[in-house]
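A.B. asks: After the structure tokens below, expect a handful of questions from me.
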Amino acid sequence: MALRQGNAAAAVAAFGQAARAEPAHAESHLNLGVALAMSGRQKEAREVLERASKLAPGNPDIHYNLGLVLLALNRHRDAAERFEKALKKKPKESAIHLNLALALRSSDDREKAERHMRRAAQLDPKNAMMQVNLGNLYLEIEDSSRARHCFEKALSLQPNNVRALVGLGLVGTMEAEEADNLEKMRRLLDNAIASSRAALDAAPGDVGAMNALGVALEKDARWDEADQALRAAFEHTVDRRPGGPLIKEAIYNRARFLLNSGRADEAAEVCRKGLERTGYDERLVADLSTILVDLGRFDEAAAVCATHEHQGFSKVDALNMLNVEASRPLSGADLSALEQCLKREEGSPSLLSATAMTLFRYHDRENDPDRAFPYLEQSKTWAASQEVPYDREAMDQVAKAIRDTFSSGIPANLADGGSNSDQPVFIVGMPRSGTTLVEQILSSHPEVLGAGELTLIPAAAQLFQGTERSDNPYSVRFIEANQRDLADLADWYLARLRRCGGEKARITDKLPGNFMYLGLISLLFPRAHIIHCVRDPMATCFSILSQNFPRGHPYANDQSNLAHQYRFQDDLMSFWKAVLPARIHTVAYEDLIDRQEASTRDLIDFCGLPWDDGCLRFFESDRAVKTSSKWQVRQPVYRTSLEKWRIYETYLAPLKEGLETGGVLSGGQES
Numbered sequence: 008m009a010l011r012q013g014n015a016a017a018a019v020a021a022f023g024q025a026a027r028a029e030p031a032h033a034e035s036h037l038n039l040g041v042a043l044a045m046s047g048r049q050k051e052a053r054e055v056l057e058r059a060s061k062l063a064p065g066n067p068d069i070h071y072n073l074g075l076v077l078l079a080l081n082r083h084r085d086a087a088e089r090f091e092k093a094l095k096k097k098p099k100e101s102a103i104h105l106n107l108a109l110a111l112r113s114s115d116d117r118e119k120a121e122r123h124m125r126r127a128a129q130l131d132p133k134n135a136m137m138q139v140n141l142g143n144l145y146l147e148i149e150d151s152s153r154a155r156h157c158f159e160k161a162l163s164l165q166p167n168n169v170r171a172l173v174g175l176g177l178v179g180t181m182e183a184e185e186a187d188n189l190e191k192m193r194r195l196l197d198n199a200i201a202s203s204r205a206a207l208d209a210a211p212g213d214v215g216a217m218n219a220l221g222v223a224l225e226k227d228a229r230w231d232e233a234d235q236a237l238r239a240a241f242e243h244t245v246d247r248r249p250g251g252p253l254i255k256e257a258i259y260n261r262a263r264f265l266l267n268s269g270r271a272d273e274a275a276e277v278c279r280k281g282l283e284r285t286g287y288d289e290r291l292v293a294d295l296s297t298i299l300v301d302l303g304r305f306d307e308a309a310a311v312c313a314t315h316e317h318q319g320f321s322k323v324d325a326l327n328m329l330n331v332e333a334s335r336p337l338s339g340a341d342l343s344a345l346e347q348c349l350k351r352e353e354g355s356p357s358l359l360s361a362t363a364m365t366l367f368r369y370h371d372r373e374n375d376p377d378r379a380f381p382y383l384e385q386s387k388t389w390a391a392s393q394e395v396p397y398d399r400e401a402m403d404q405v406a407k408a409i410r411d412t413f414s415s416g417i418p419a420n421l422a423d424g425g426s427n428s429d430q431p432v433f434i435v436g437m438p439r440s441g442t443t444l445v446e447q448i449l450s451s452h453p454e455v456l457g458a459g460e461l462t463l464i465p466a467a468a469q470l471f472q473g474t475e476r477s478d479n480p481y482s483v484r485f486i487e488a489n490q491r492d493l494a495d496l497a498d499w500y501l502a503r504l505r506r507c508g509g510e511k512a513r514i515t516d517k518l519p520g521n522f523m524y525l526g527l528i529s530l531l532f533p534r535a536h537i538i539h540c541v542r543d544p545m546a547t548c549f550s551i552l553s554q555n556f557p558r559g560h561p562y563a564n565d566q567s568n569l570a571h572q573y574r575f576q577d578d579l580m581s582f583w584k585a586v587l588p589a590r591i592h593t594v595a596y597e598d599l600i601d602r603q604e605a606s607t608r609d610l611i612d613f614c615g616l617p618w619d620d621g622c623l624r625f626f627e628s629d630r631a632v633k634t635s636s637k638w639q640v641r642q643p644v645y646r647t648s649l650e651k652w653r654i655y656e657t658y659l660a661p662l663k664e665g666l667e668t669g670g671v672l673s674g675g676q677e678s
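The opening position of the sequence shown corresponds to residue 8 in our numbering, with each subsequent residue numbered one higher.
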């Protein structure tokens with residue numbers, strides 16, 4: 008009676024007395040366990056329910072309720088096992104299928120989770136929340152069309168269902184990411200914002216609705232409104248159920264928004280407060296540590312990892328994350344943990360790739376190339392296993408299409424379009440050619456904002472392609488465009504570029520791969536400043552090989568493919584410099600080392616800025632750096648990397664041969 012009336016404390020007392028009176032009676036322990044769980048005493052509930060399951064191992068209700076408790080304790084795999092036992096006795100119980108799906112989803116077994124989520128919806132076809140849960144699963148696997156179908160079906164069953172409206176808001180934002188033109192993107196975002204606001208009207212203060220609204224507004228470049236919505240969502244996480252998925256998403260998105268807005272210190276504080284509110288959360292620990300590393304606060308990052316290691320944060324993950332700091336030592340225990348991870352092949356390919364790279368760097372610092380290089384090869388093998396294979400023929404076709412489009416310079420139908428702004432500064436070239444160093448130097452100038460590696464230009468090219476999607480950034484849709492299209496796209500880009508400091512005279516966009524899009528960039532911004540970073544080809548390519556890049560760099564895992572990509576970039580840059588009216592300033596990494604002041608003055612002068620002595624002290628900057636150069640750019644210019652590749656020369660024959668074939672090695676660059 009007490010439990011039905013919601014008096015959990017009285018129920019705990021009554022059922023506790025019954026369990027003590029009949030210690031072998033499983034039902035009494037089951038009732039006590041449920042009462043304890045309703046009181047928020049999950050750990051005690053687990054002990055009691057495990058005792059009940061030993062007394063009655065075939066009772067499905069005990070397994071089900073124990074599964075719910077384990078789910079609340081984030082013991083997802085254990086919870087799944089209990090739900091599966093319950094299903095054997097009650098195969099048509101929709102709630103068991105639903106909670107099993109939730110446990111499997113949290114265990115990254117999304118295929119099996121989808122199967123049980125669909126079964127739950129089939130068994131309870133008039134339950135709107137079943138459709139909502141299935142839609143949320145499709146959101147996670149980025150299947151926007153199925154997710155939309157589920158949320159719309161939920162609303163047909165229960166109009167104004169808040170969770171379904173929130174889901175539609177999130178789906179609309181996801182679909183906007185894939186839009187093939189600006190008009191469609193704007194329409195999808197308008198609908199996403201409207202759905203999120205409708206959810207808020209139905210449930211003022213709902214964390215999920217505020218979060219969805221903030222995400223959509225952010226995508227629409229409405230920064231102040233997005234800031235307000237995401238801040239409100241984060242503030243409303245106080246006193247909510249700790250660890251709930253909506254609470255965590257609000258915290259994740261608030262931190263991400265601040266970080267992408269150039270407010271890294273605030274983002275770190277959000278992660279700290281988030282950990283206080285949710286308890287241990289692996290992603291929050293990783294996000295906080297990564298932000299601190301990006302800020303150059305390596306000791307703080309190490310302390311965060313160490314603090315949470317006993318709660319389950321992987322020591323190997325921590326060692327890999329902190330490995331960007333070249334001076335950080337590894338103990339015997341550290342080395343053993345890394346080597347055991349590789350030996351047992353524990354974890355994902357990305358973890359194993361990062362672990363092998365950490366061991367490579369350790370032996371490299373010990374000046375032992377023969378022990379180091381096998382780990383580098385192992386890292387590249389694991390990285391390649393999760394990449395789309397590099398397609399040399401496709402890249403050659405892209406190069407041909409670009410040359411055909413711009414063989415006579417700017418297409419006549421697009422001349423004099425775009426924006427008159429000279430604010431954007433594009434820093435391009437191969438990764439590891441000095442792009443981060445150049446941005447760090449420029450951002451040390453009081454009139455420059457370093458925006459980092461933005462993906463806005465590739466996104467703009469995607470919008471320009473329309474439905475004619477291909478690897479060629481200059482497709483049929485591009486040729487058929489007009490000056491109004493260029494003006495709209497330039498405005499779209501500038502609104503997003505200015506996110507972190509629109510008042511600055513210059514804002515850098517440092518995505519190295521933008522070298523493919525210099526034709527589009529020249530059309531959008533005829534007055535933009537384009538800086539091409541170059542470095543000794545062998546030094547550049549070896550530095551790429553010795554980095555653990557995120558996905559999207561398939562050429563970086565094979566020496567011959569890497570040589571091909573270098574030639575592709577080198578040839579394309581020579582072409583652009585010959586045909587584009589825009590001036591392109593070439594900066595040699597070696598000049599920044601050997602002629603620092605003269606080279607830096609040339610760089611500042613090219614950008615049309617007055618000289619500032621702070622540009623020579625770029626390493627004193629405390630701005631967040633998100634690339635693999637985050638440690639190096641906090642040091643004064645150094646020569647140690649210029650000839651680093653030579654001690655590995657015997658292992659680099661495929662790379663050298665590929666570069667020689669393309670004619671990019673000259674006498675001074677060969678051994």
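Using N, Cα and C, we set each Cβ at its ideal position, and we do this for glycine too.
1) Rounded to whole angstroms, what's the CA-CA distance from residue 613 to residue 125? Just pull it up for me.
2) Which residues in the same chain have their Cβ closer than 8 Å to the Cβ of residue 395, if we skip the five residues on either side of it in sequence?
3) Using beta-carbon positions only, say whether residue 277 and residue 261 come within less than 8 Å of one another.
4) Alpha carbon to alpha carbon, how far is residue 179 from residue 267? Give it in angstroms, no decimals.
5) For residue 376, which residues of its own chain have a beta-carbon under 7 Å away from its beta-carbon, when the five flanking residues on both sides are left out?
6) Name the residue from 166, 492, 389 whose alpha carbon lies nearest to the alpha carbon of residue 352.
7) To which residues of the same chain is residue 566 closer than 6 Å at the C-beta, ignoring the five residues directly before and after it?
8) Here's a check: name, in chain order, each residue in its chain whose Cβ is nearer than 7 Å to the Cβ of residue 497, leaving out the five neighbours to either side.
9) In chain order, what residues of the same chain lie with their CB nearer than 8 Å to the CB of residue 671, ignoring the 5 residues before and after it?
10) Taking its Cβ as the centre, do 16 or more other Cβ atoms sit within 10 Å of residue 665, making it buried, or is it exposed?
11) Could you tell me the alpha carbon to alpha carbon distance between residue 669 and residue 283, rounded to whole angstroms?
12) Taking the straight line between their C-alpha atoms, what separation do you get for residue 274 and residue 304?
13) Considering only C-alpha positions, which residue in the set 230, 313, 472, 580 is nearest to residue 189?
14) Tell me the residue span of the alpha helix (DSSP H) that contains residue 314.
15) Just curious, the beta strand (DSSP E) that residue 240 is in, first and last residue?
16) Skipping 5 residues on each side, what residues in its chain have a beta carbon closer than 7 Å to that of residue 641?
17) What does the Cβ neighbour count give for residue 319, buried or exposed, with the cut at 16 atoms within 10 Å?
18) Output the residue ranges of the alpha helix (DSSP H) runs that lie fully inside the segment 86-146 and measure 4 residues or longer, sorted by chain position.
19) Compute the Euclidean distance between the alpha carbons of residue 413 and residue 516, then round it to the nearest angstrom.
20) Entirely within the segment 430-513 and at least 3 residues each: give me those beta strand (DSSP E) ranges in chain order.
21) Exposed or buried, which one is residue 226 when buried takes at least 16 other CB atoms within 10 Å?
22) Using a 10 Å radius around the Cβ and a threshold of 16 neighbouring Cβ atoms, would you call residue 347 buried or exposed?
23) Check for me: the beta strand (DSSP E) holding residue 592 runs from which residue to which?
24) Taking residue 157 as part of the beta strand (DSSP E), name the residues at either end of that continuous run.
25) Three or more C-beta pairs closer than 8 Å, one from the segment 395-407 and one from the segment 505-512: is that the case here?
26) Give the secondary structure of residue 638 by DSSP, where H, G and I count as helix, E and B as strand, and everything else as coil.
27) What three-state label does DSSP hand residue 611 in the structure shown?
28) In three-state terms, what does DSSP make of residue 292?
29) State the start and end residues of the unbroken beta strand (DSSP E) segment that holds residue 538.
30) Compute the Euclidean distance between the alpha carbons of residue 596 and residue 542, then round it to the nearest angstrom.
31) Around the C-beta of residue 132, are 16 or more other C-beta atoms found within 10 angstroms, so that it is buried, or is it exposed?
32) CB residue 428 to CB residue 534, shorter than 8 Å?
33) In the DSSP output, which residue or residues are listed as bridge partners for residue 515?
34) Closest by CA to residue 7, which one among 210, 264, 518?
35) For residue 678, does the three-state DSSP call read helix, strand or coil?
36) Roughly how many angstroms lie between the CA atoms of residue 216 and residue 103, to the nearest whole one?
C.D. replies: According to the data block:
1) 60 Å
2) 561
3) yes
4) 21 Å
5) 654, 655
6) Selection 166, 492, 389 evaluated against residue 352 yields 389 as nearest (Cα-Cα).
7) 661, 662
8) 425, 426, 531, 532
9) 544, 573, 574, 577, listed in sequence order.
10) buried
11) 56 Å
12) Their backbone Cα atoms lie some 14 Å apart in a straight line.
13) The candidate whose alpha carbon is nearest that of residue 189 is 472.
14) Looking at the DSSP string, the run of the alpha helix (DSSP H) that includes residue 314 is 305-316.
15) Not the beta strand (DSSP E): residue 240 falls in the alpha helix (DSSP H), residues 230-242.
16) Any reading at residue 641 needs caution, since the residue's pLDDT is 48, under 50, leaving its predicted position unreliable; the model's value is listed next. The residues are 303, 626.
17) exposed
18) 101-113, 117-130
19) 23 Å
20) Listed in chain order, the complete beta strand (DSSP E) runs (minimum 3 residues) inside the segment 430-513 are 431-436, 455-457.
21) buried
22) exposed
23) 591-595
24) Premise fails: residue 157 lies in the alpha helix (DSSP H), 151-164, not in any beta strand (DSSP E).
25) Touching, no, given that fewer than three Cβ pairs across the two stretches are closer than 8 Å.
26) Residue placement at residue 638 cannot be trusted, given a pLDDT of 47 that sits under 50; what the coordinates show is reported in the next sentence. Three-state DSSP puts residue 638 in coil, outside helix and strand.
27) helix
28) helix
29) 536-541
30) 5 Å
31) exposed
32) yes
33) BP columns for residue 515 point to 432, 457.
34) In this structure the chain extends from 8 to 678, so residue 7 is not present and cannot be described.
35) Residue placement at residue 678 is poorly supported in this model, since its pLDDT is 39, which falls under 50; the coordinates still yield a value, given next. In this structure, residue 678 counts as coil in the three-state DSSP scheme.
36) 27 Å
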